[in-house]
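Below is one structure, written out as C-alpha cells; the observations come after it.
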Amino acid sequence: MKNIRNFCIIAHIDHGKSTLADRLLDYTGAVTEREKQDQLLDNMDLERERGITIKSHAIQMDYIHEGEPFILNLIDTPGHVDFSYEVSRSIAACEGALLIVDAAQSIQAQTISNLYLALENDLEIIPVLNKVDLPSANPEEVTDDIVDLLGCDPEDVIPASGKTGFGVDKILEAIINRVPAPKGNPDAPLKALIFDSVYNSYRGIETYFRVIDGSIKKNQQIKFVATGKQYGADEVGTLKLEQVVKKEIKTGDVGYLITGIKAAKEVKVGDTITDFANPTTDIIEGFEDVKPMVFAGIYPVDTEDYEELRNSMEKLQLNDASLVFQPESSAALGFGFRCGFLGMLHMEIIQERLEREFNMTVITTVPNVSYHAFTKKEPDDVIIVNNPSDLPDPSGLDRVEEPFIKASIITKADFVGQVMSLCIEKRGQIINQTYLTPERVELIFEMPLAEIVFDFYDRLKTVSKGYASFDYHPIGMKKSKLVRVDMLLNGNTVDALSALLHADNAYNIGKRICEKLKELIPRQQFDIPIQAAIGAKIIARETVKALRKDVTAKCYGGDISRKRKLLEKQKKGKKRMRQVGNVEIPQQAFMAVLKLND
604 MKNIRNFCII
614 AHIDHGKSTL
624 ADRLLDYTGA
634 VTEREKQDQL
644 LDNMDLERER
654 GITIKSHAIQ
664 MDYIHEGEPF
674 ILNLIDTPGH
684 VDFSYEVSRS
694 IAACEGALLI
704 VDAAQSIQAQ
714 TISNLYLALE
724 NDLEIIPVLN
734 KVDLPSANPE
744 EVTDDIVDLL
754 GCDPEDVIPA
764 SGKTGFGVDK
774 ILEAIINRVP
784 APKGNPDAPL
794 KALIFDSVYN
804 SYRGIETYFR
814 VIDGSIKKNQ
824 QIKFVATGKQ
834 YGADEVGTLK
844 LEQVVKKEIK
854 TGDVGYLITG
864 IKAAKEVKVG
874 DTITDFANPT
884 TDIIEGFEDV
894 KPMVFAGIYP
904 VDTEDYEELR
914 NSMEKLQLND
924 ASLVFQPESS
934 AALGFGFRCG
944 FLGMLHMEII
954 QERLEREFNM
964 TVITTVPNVS
974 YHAFTKKEPD
984 DVIIVNNPSD
994 LPDPSGLDRV
1004 EEPFIKASII
1014 TKADFVGQVM
1024 SLCIEKRGQI
1034 INQTYLTPER
1044 VELIFEMPLA
1054 EIVFDFYDRL
1064 KTVSKGYASF
1074 DYHPIGMKKS
1084 KLVRVDMLLN
1094 GNTVDALSAL
1104 LHADNAYNIG
1114 KRICEKLKEL
1124 IPRQQFDIPI
1134 QAAIGAKIIA
1144 RETVKALRKD
1154 VTAKCYGGDI
1164 SRKRKLLEKQ
1174 KKGKKRMRQV
1184 GNVEIPQQAF
1194 MAVLKLND
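Numbering (this note's numbering), first residue to last: 604 to 1201.
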C-alpha cells in the first residue's frame, strides 16, 4: 500500500490538463507507440470534436523510482464550471492534486475554485507551471502569482511543458515524494467508494471504485449500502488503457467492478461497497446532492418514444451523475421531462449525447431557473416553481424570490468598464474590486442566476476579447419583481415558450420574441397573430400574413361587385379555416428564443 499514489489533475479550461496526462502516460510506458494519440483519455466523440474534457477519466500507471515499483492512479478532470461536479467526485478518490497553471494566462477564476475544492478535501497540492515553451510565457511573474495564492516556496513550483514533455520526470518525482500514500486498514471489512459508473450494453453497468479498507476479490459476495442489494463480483480489475482483470484489488487502489447489474437505479455515485457476510460498520459520507442551476423541458419529437427517452436518460444519468430529471407534460408538446442541468454547456452536451449515443431526437424548451413563490393566503409556504406554468395566479401572489449568485470575474484592467456595464445590464451589483496585479482585476458581483443562464458567458468572452474568466456559487434567494410572459399563437397559449422575466425587461423581451417568431413560423392560408401577454394584458403583437390566392384572376373586365362577391366568399372560408387551423411550431423557434441578442 505504501507504493500506491492516487492523484488528479485540476486546472482552468485549456491550461493543458489532458495533454500533460498524455506525457505522463508516455513517460511511464503506460501506452505503446501504436496507441499514442493526442488527448488520449478523452475518448468520447464529443470531447474530441470540441477539444474539451467532459468526463473525468481514471487510468493506472506503473513507475519504477529508485528501483522500487510504484502504482500511480491518475484521474484527469474537466475544467468547465458546468462539469465541476465531475471534479468534486474525482477529488474524493485522491490524496494529491496537480494544480496546473498556464504560464501565459496565469491564475484564472476556475483555478481558484478547483483549488478550494481540493483543499477542502485535504489534498496535497503540487503546483505545475505548464506551457513554459510558449513564446508568450511569463514564468517568473506567474510563479510569483502561484506563490501568493498557495503560500508555498518558489522552488516547489515545477516548470513543465505538456507539449514537449519537459519537466515530466520532476512531476513524477514530486508525486512520489510529496503525495501521501493512501491510509486504510487492509484487515478491516471491505469498504469502497463508488466515484463513477458507465453503462456498457454488453456487460451491464461498470462501477469505478476506490478501496478505502479491506480488499475486494473476484466472486466475493458484496452489497451496495444505499440500496442494500447483494451481488457477486463477477469481475474486478484495474483501469489501464484496456481493463486488466485481477483476482483482488487491495486497500488504497482504484479499480472497476462488473456485477451484471442492468437497472440504472441500483448504482448510486458516492455509495459504499462492502462485504455481504461481514459488512463495515462505518459508511463513507457520499457526495452532497448536486444542485441543478438551469431547468429545461426535454420532449421526444414523436410522443411514442417517451418510454425510450426515459431509458436513455437513466443510462445517461449513470455516466453523468449531475443530470436530474422528472416527468412533466405540456399541452403543446405532450409528455416529456423537466431536467436540471449545471449550465447551458451541460444542457447542450446532454442533448447531443442523447442524439448520438441513443439516437433520440428531442425538442428542448426555453431554459429557466428555479424560483420560490409565496401566496397571500399562506405567505410562509414556499411553492417551488421549476416551470413557468407552475407560477400561481398573479392576483393571489404575495411575492416571488429568485436565486442569486456571487460571481467572481478575473479580467485584464483594460476591459473593466465593458465587463461592469455588462454585469449592470444583467441586474448585477458590484460588491468588490481588487487588483491582483497592475494588469489583472478581480470583480465580485451579486447577480440573479436567471440572467447568466442564457448568453452571459458568451458575451463576457466577447467584451473581454476572450480574457475574462468567470466562476460563481449560489448565495440564496432574494425577493424580485417577476412576471410570467405567455406567448399566444392564433389566440392559443404555447406553454413551452412561456418565460418568467423581470418586470423591467418583460416588454422589451416579449416584443423581441414576437419579432423572432414572426421570421420562423411558416405562412398559412390565414393570418396568424403572435402575441406576448402578461396575465390578460397583451404587451406585444406581430402578424404572420396569410398566403393569398388571387380568386379574381378569371374575372377580366366586368363588374366590380362580381369581384367583391368572390373576395367575400374567400374571406368567409379563411375565417372558418382560422377557427379549426392549428399552427405548427418549428424546432428552431424554441432555440431562437435563447439567441435573442444575435
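We treat Cβ as the ideally placed atom computed from N, Cα and C, and that holds for glycine. Predicted model only: the values in this text are computed from it and were never measured.
Query, Result
"Among Ile778, Asn724, Asp751 and Thr656, nearest to Leu627 - alpha-carbon criterion", "Ile778"
"Through-space distance from Lys1166 to Cys1158, alpha-carbon basis", "7 Å"
"First through last residue of the beta strand (DSSP E) which encompasses Phe1048", "Arg1043 to Pro1051"
"Whole-number beta carbon distance between Phe1048 and Gln1032, since they are thought to touch under 8 Å", "7 Å"
"Residue span of the alpha helix (DSSP H) that contains Pro742, given as start and end", "Pro742 to Leu753"
"Minimum length 4: unbroken alpha helix (DSSP H) runs contained in the stretch 1110-1197", "1163-1183 and 1190-1195"
"Alpha-carbon to alpha-carbon, Glu669 and Glu917", "47 Å"
"Contained beta strand (DSSP E) runs [length at least 3] in the stretch 993-1019, N- to C-terminal order", "1000-1015"
"CB contact flag (Tyr1075, Lys1009, <8 Å)", "yes"
"For Val1086: DSSP bridge partner residues", "Leu1104"
"CB-CB length for Met664 against Leu675, believed under 8 Å", "5 Å"
"For Glu1204, three-class secondary structure by DSSP", "Residue 1204 lies beyond the stretch modelled for the chain, which goes from 604 to 1201, so this question has no answer here."
"Through-space distance from Leu752 to Ile887, alpha-carbon basis", "31 Å"
"Leu726, buried or exposed, once every other Cβ within 10 Å from all chains shown has been counted against 16", "buried"
"Start and end residues, beta strand (DSSP E) containing Arg1062", "Looking at the DSSP string, Arg1062 is not in any beta strand (DSSP E); the run it does join, the alpha helix (DSSP H), is Phe1059 to Val1066."
"Assigned exposure category for Pro730 - 16 Cβ within 10 Å defines buried", "buried"
"Supposed close pair Asn922, Tyr802 - CB separation, criterion 8 Å", "6 Å"
"Cβ contact check for the stretch 939-959 and the stretch 895-902: 3 or more pairs under 8 Å", "yes"
"Reference Arg1151; option with closest CA among His975, Thr877, Arg1126 and Ser818", "Arg1126"
"Close beta carbons around Leu1000, own chain, < 8 Å, minus the five adjacent residues each side", "Ala976, Phe977, Thr978, Lys979 and Leu994"
"Distance between Asn1111 and Ser973 (C-alpha atoms, nearest Å)", "22 Å"
"Contact set for Lys1114: own chain, Cβ-Cβ below 6 Å, skip 5 residues either direction", "Ala1143"
"Start-to-end residues for the alpha helix (DSSP H) that takes in Ser915", "Tyr909 to Asn922"
"When Lys1177, Tyr630, Arg692 and Ile612 are compared against Ser925, the one with the closest alpha-carbon", "Arg692"
"Stretch-stretch touch, CB-based, cutoff 8 Å, three pairs: the stretch 844-861 with the stretch 765-777", "no"
"Cβ neighbour criterion (16 or more within 10 Å) applied to Glu1122", "exposed"
"Distance CB(Thr877)-CB(Val828) smaller than 8 Å", "yes"
"Start-to-end residues for the alpha helix (DSSP H) that takes in Met950", "Met947 to Phe961"
"Cβ pair Ile1188, Ile1124 closer than 8 Å", "yes"
"Residue(s) in a DSSP beta bridge with His1076", "Lys1009"
"Meets three-Cβ-pair contact criterion under 8 Å: the stretch 606-624 and the stretch 760-768", "yes"
"Bridge-paired residues (DSSP) for Cys942", "Ala899 and Phe928"
"Contact test: Glu744 Cβ vs the ligand FAD heavy atom, cutoff 7 Å", "Annotation note on the ligand FAD: not contained in the displayed structure, which lists no ligands."
"Unbroken alpha helix (DSSP H) run spanning Val771, endpoints", "Val771 to Arg781"
"Separation of Ala695 from Ile612, as counted between CA atoms", "13 Å"
"Tyr666 - DSSP class collapsed to helix/strand/coil", "strand"
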